[in-house]
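Working notes, beginning with the structure itself.
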Amino acid sequence: MAESNQTKTSGVTSLRGQNLNAVIKSVDMSEEMQQKAVDIVVLSLEKYDLEKDMAMYIKKEFDRLYGVTWHCVVGKNFGSFVTHETKNFIYFYLGPIAILLWKTS
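Here numbering that gives the first Met the number 0 is used: position 38 in the sequence shown is 37, and no number is missing along the way.
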């Protein structure tokens, strides 16, 4: 699957009584890994209040599940340009929070 820049909604997730849509902005990742990314982000939002702590949790979980070296940015306002391994990139929103997750060699 080549990297896609089309916006795609990946379903509704409930967090603290609030329904949040996962909106995928750009992806080069299997459907299974995409769903795992959304699930892990939801867990990070439940566990942590600070975006840096959420990013650390997401990165460590992906390192554990899919091998090193993953990188993660979580926030509401940031720019980026990254190089990633094929099939190991996702950029999406969960509610108002943006998540950029990618793997490098």
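We put the beta carbon where it would ideally sit given N, CA and C, even for glycine.
Put residue i into one of helix, strand or coil per three-state DSSP.
i: T19; result: At residue 19 the sequence reads Leu, which differs from the Thr that was named. Looking at L19 - three-state DSSP - the assignment turns out to be strand.
i: F88; result: strand
Between the C-alpha atoms of residue i and residue j, what's the straight-line distance to the nearest angstrom?
i: N76; j: A97; result: 8 Å
i: V93; j: G66; result: The displayed chain sequence assigns Leu, not Val, to residue 93. Whole-angstrom Cα-Cα distance: 24 Å.
i: K126; j: C71; result: Absent from the structure is residue 126, since the part of the chain shown begins at 0 and ends at 104.
i: K46; j: Y56; result: 9 Å
i: T68; j: L49; result: 22 Å
i: M28; j: D52; result: 24 Å
i: H83; j: L42; result: 24 Å
Mark residue i as exposed unless 16 or more other C-beta atoms lie within 10 angstroms of its C-beta, in which case mark it buried.
i: E30; result: exposed
i: V40; result: buried
Between the stretch 15–25 and the stretch 65–84, do at least 3 Cβ pairs fall closer than 8 Å? No: the two stretches stay apart, fewer than three of their Cβ pairs being nearer than 8 Å.
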